[in-house]
Structures are given as structure tokens and as C-alpha cells.
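Read through the structure below, which is laid out as C-alpha cells, and then see the notes.
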Amino acid sequence: MNPEPVRGDAARLDTVRTTADLRAAVARWRKAECTVGLVPTMGGLHDGHLALVRQARAECDRVVATIFVNPTQFNEESDFESYPRDEARDAAGLAAAGADFLFVPSAEVVYPAGFATTVSVSGLTDCLCGVSRPGHFSGVSTVVSKLLLQALPDVAYFGEKDYQQYLVVRRMARDLDLPVRIAAVATVRAADGFALSSRNVLLTPEQRRRAAALFQVLSDMAERLAKGAPAQPELARGRTVLIEAGFERIDYLDLRHGETLAALERAEAPARLFAAAWLGETRLIDNVPVA
Ligand code: AMP
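This is how it looks when you write it as C-alpha cells:
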């Protein structure tokens, strides 16, 4: 460990846009025997992202955040276009949370002409968002494997908010022998329980008020499932409550094993409840453990 880890501040947050510049910085740190933490994001940063940075700051000597709105993991062109982008605001937040370095590659840097490789993880991607967002996880696995190989961090941080993504990335890193620990960070929520999300800014105030029902329904269901309630009636009831709360469409509401994502009929540890539902044009996801 470096005895005097540098605390991030706005003046120290170097921003680079090429893989060569990122690698040069990481090589310098490695030479100084610093450990490196990586926090991949798509920008539109909020306190959930910053919790990842804070955990990285606490565990690593140097913290690299990345911002890349990855076109290959979007299903709708309109979702990609409307995705919030404000690099200056994001950089200020990252610096305040303790990041040392920001990598912001362009689409040409990530996918140069002739790019023809896809990384895809089977099994874990056959359910939940893998079904409702075809191709999404191949986009994620491909870009995350690139970022991991570009930065070669000791630890990469992912939010439990996207729990399936965390499991997929962890599987990929293990299967490809990538020398990195994949760390999970607990979901950061607003006071009403709503999981912070970059797409929140796309919700109207009325939709934002209704959105809290997602976590409330999951929490209520988790409590009953933990006491031994069978899954199917709970799931049916949960769907009805979500529709009554104003969600127009539910992509899934499922009880699954927290490691394998196998569907469960009753809560067996480690069980997890997963939901994806639509408010207007905005798709929200959340998940909670069933203890
Ligand atoms: P994104 O920019 O949406 O791709 O998210 C970047 C990282 O931040 C992912 O690992 C997400 O799981 C994580 N993240 C997003 N929202 C939250 C949240 N509310 N709490 C914790 N982590 C989050």
C-alpha cells in the first residue's frame, strides 16, 4: 500500500480520453506500488455512483472513474439519445467523492473501425434483463472487459442496484482469468426508498412520486417471503399492486437465487427479488435480498 494515498479534489482529477494515456498513468502508479480501483459509469452521476467511488477510495491507493455512454447496451436509440450527459458536473462530483483520475473515451476509442469482437456470458443472462433487453449484457460484458483490460485495476466496483450486471461481470472476469476483484456496493436510495438512477431526471414529479412504490412493494414482499410465503401468489399480488400504483408495464417481478439466478418457488438463502417496470417512457429496475 502507498503510505500516503492522494485524496481527490477538483484540481487533481486528471481527465484523459485515450487508452494510451490511461495506461501510462496506471503504469506510473504500479511502479510506485499503488493499488488501483476502477469505477465504470455511463455518467449522469448521482450519489449511488459516488458511493462506488467512496468505497474505492477507502480500499485503493488510486481511483479511476470512467464515463462512457455505451451505445451497444441500449435497446432503444431514443433511450441512448436522451441519456443524461454532463461531463463537467460529473467530474466535479467524482473529484469531491475522491476519484483521482477520469477516463472518458469516445465511441471511436472504444469501438475503432473494424471492431468485431463480442464478449457474452451465457446462463446468467438467460433471465430478467437478459430477456427484456436482448443483447444488453453482451454490450455490457464487451465494454467492461475492454475497460478492465485497458486499466488493469486491482478492484472494479459495481452497484447492487444492477445486481444481474454485477453477477455477469463477476462471472466474465472469473471465466477469462482477468486479474481483478469484482466488488459489489449496496444500493443507494432516496429517503422514500427509491433506488437512485441516472434516468430519474427523465421522470415527471408525479412519476417520481409513484416510483417509490417499486421499492415499497419489493420490501413488503421480501418480508412475507422471508417468513415462508410461497412465491407465486406473492408475485401475482406484487404485480397487481405495482399496476395500481401507476406502473404501466412490468417486464418482470421474480424471486431468484442470489448467485445462480435460478427461479425459486420459496425464499431459500440467498434469495433475491428482482423487478423491472415502466413509468411512461422510463424503465426502472430494483432488487432486494430476501433475508
Ligand atoms: P451506470 O452509470 O448506470 O452504468 O452505473 C454505473 C455503476 O453505478 C453501476 O455499477 C451501477 O450498478 C452503479 N449504480 C447505479 N445506481 C446505483 C445506486 N443507486 N446505488 C449503488 N450503485 C449504483
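Note that this note's numbering has the sequence shown beginning at 2, numbered continuously upward. By construction, the Cβ of each residue, glycine as well, lies at the ideal position given by its N, Cα and C atoms. Quick caveat: nothing in here was measured; it's all calculated off a predicted structure.
Which of helix, strand or coil DSSP assigns to residue i
i, result
"Arg250", "strand"
"Tyr158", "strand"
"Phe75", "coil"
"Thr19", "coil"
"Val37", "strand"
"Asp87", "coil"
"Pro271", "coil"
"His258", "strand"
"Ala25", "helix"
"Leu280", "strand"
"Val242", "helix"
"Val54", "helix"
"Asp62", "coil"
"Leu236", "helix"
"Arg8", "Confidence is the limiting factor: at Arg8 the pLDDT is only 43, short of 50, which leaves the residue's position unreliable, though a coordinate-based value still follows. Coil at Arg8, not helix or strand."
Cβ shell of residue i (< 8 Å), same chain only, five flanking positions each side left out
i, result
"Ala316", "The structure shown does not extend to residue 316, since the chain is modelled only from 2 to 292, so the question has no answer here."
"Ala214", "Val242, Leu243, Ala246, Gly247, Phe248"
"Val17", "Leu23, Ala26, Phe102, Leu103, Phe104, Val105"
"Gln233", "Glu266"
"Leu236", "Met222, Leu254, Asp255, Leu256"
"Leu219", "Gly239, Leu274, Ala276, Asp287, Asn288, Val289"
"Phe341", "An answer regarding residue 341 cannot be provided, because it is not within the stretch 2 to 292 covered by the chain."
"Thr20", "Pro106, Val110, Gln151"
"Ala272", "Leu226, Leu256, Arg257, His258, Gly259, Leu265, Pro290, Val291"
"Leu149", "Leu39, Ala157, Ala174, Leu179, Val181"
"Asp1", "Because the chain in this structure spans residues 2 to 292, residue 1 falls outside the shown range and cannot be described."
beta-carbon residue i near the ligand AMP non-hydrogen atom, thresh 7 Å
i, result
"Lys162", "yes"
"Gly49", "yes"
"Val189", "yes"
"Ser199", "yes"
"Ala196", "yes"
"Leu53", "yes"
"Thr67", "no"
"Val186", "yes"
"Met43", "yes"
"Phe159", "yes"
"Gln166", "yes"
Own chain partners of residue i with C-beta closer than 6 Å, once the 5 adjacent residues on each side are dropped
i, result
"Leu39", "Val65, Ala152, Pro154, Ala157"
"Gly9", "A caution first: Gly9 carries a pLDDT of 43, below 50, which makes its placement in the model unreliable, though a value can still be read off. Excluding sequence neighbours, Gly9 sits near Ala96, Gly99, Ala100, Asp101."
"Arg297", "No answer is possible for residue 297: it lies beyond the span of the chain, which begins at 2 and ends at 292."
"Leu203", "Thr283"
"Ala196", "Lys162, Thr188, Arg190, Asp287"
"Asp252", "Ser133, Ala277"
Own chain partners of residue i with C-beta closer than 7 Å, once the 5 adjacent residues on each side are dropped
i, result
"Ala108", "Pro72"
"Thr119", "Ser139, Thr143"
"Gly94", "Leu46, Leu51"
Below-8 Å beta-carbon distance, residue i vs any chain B residue
i, result
"Phe116", "In the structure shown, chain B cannot be found, because there is only a single protein chain."
At least 3 beta-carbon pairs within less than 8 Å: the stretch 78 to 96 vs the stretch 110 to 128: no
Complete runs of the beta strand (DSSP E) confined to the stretch 95 to 157 [at least 3 residues]: 102 to 104
Would you call the stretch 274 to 284 in contact with the stretch 208 to 215, where contact means no fewer than 3 C-beta pairs closer than 8 Å? yes
Could you pull out every unbroken beta strand (DSSP E) segment of at least 3 residues lying fully inside the stretch 148 to 232, listed in chain order? 156 to 160, 182 to 186
Flag this pair as touching only if the stretch 161 to 173 and the stretch 135 to 142 have three or more C-beta atom pairs under 8 Å; answer yes or no. yes
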